[in-house]
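Data block below; observations after.
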Amino acid sequence: MNYFASSLTSANALMVSGLNTGIRLNRVDNAPGGINPHHSYPRTSEVVVPLNIRKGKVLAFTTFNSHLPGVVVVPLNLFTSSILIDLLTKTFQVDANVKKFGIDPSDQGVDPFAGKIHNSQEHAFLSC
């Protein structure tokens, strides 16, 4: 299941031999109603060019000044982690049921190109 209704196509030094230019390029497709969760990149800066190609669909091209920028996806790191729910509810001042929003932590590490969430530094869910 693609929880965020978003897909990523990437080009970097790991995917294309000889492309070690120090940059990474991505194409991001968001379906109608698709979202990109809060995230950050610990080793790079990002430039995003979003395009509304037709009603409801958003296409974006992103560029990074690092070929392996890494990514921290906040909801995945918080709500699929082993952090105690009591700590999360106190920190965010929310009800304990907030942790039950449908992401199964055992389903991590699957290829995002197959429509799954990937919790790796090599794949990102990007802002559009």
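Per our numbering, residue 1027 is the first one in the sequence shown, and the count goes up by one each step. Virtual Cβ for every residue (Gly too), placed ideally from N, Cα, C.
1. Within its chain, find whatever has a CB closer than 7 Å to the CB of Thr1070; leave out the 5 residues flanking it on each side and keep chain order.
2. Taking the alpha-carbon positions, what's the Val1073 to Val1099 distance?
3. Once you ignore the five residues that flank Val1042 on each side, which residues in its own chain have a CB closer than 6 Å to its CB?
4. What residue does the alpha helix (DSSP H) around Val1100 start on, and which one ends it?
5. For Arg1050, does the count of other Cβ atoms within 10 angstroms reach 16, so buried, or fall short, so exposed?
6. Less than 7 Å between C-beta atoms, sequence neighbours within five positions excluded: which residues of the same chain meet that for Val1075?
7. If I'm right that Val1097 touches Asn1056 with Cβ under 8 Å, what's the distance once you round it to whole angstroms?
Checking against the coordinates, here is how it stands:
1. For this step, residue 1070 is matched to residue 44 along the sequence shown. Cβ neighbours of Thr1070 within its own chain (closer than 7 Å, five residues either side excluded): Phe1090, Asn1091, Ser1092 and Pro1095.
2. As a working mapping, residue 1073 is identified with position 47 in the sequence shown. As a working mapping, residue 1099 is identified with position 73 in the sequence shown. Annotation: Val1073 to Val1099 spans about 18 Å, alpha carbon to alpha carbon.
3. Working through the sequence shown from its first residue, we reach residue 1042 at position 16. Closer than 6 Å at the Cβ level, and outside the excluded window around Val1042, lies no residue.
4. As a first step, residue 1100 is located in the sequence shown; it is residue number 74 there, counting from the start. That run of the alpha helix (DSSP H) goes Val1100 to Phe1105.
5. Within the sequence shown, residue 1050 is the residue found at index 24, counting from 1. Of the residues assessed, Arg1050 falls on the buried side of the cut-off, its CB having 16 or more other CB atoms within 10 angstroms.
6. If you number the sequence shown from 1, residue 1075 lands on position 49. Within the same chain, Val1075 has close Cβ partners Ala1086 and Phe1087.
7. The residue given as residue 1097 occupies position 71 in the sequence shown. The residue given as residue 1056 occupies position 30 in the sequence shown. Taking a contact as a CB-CB distance under 8 Å, the pair Val1097 and Asn1056 does not count as one, their CB atoms being some 17 Å apart.
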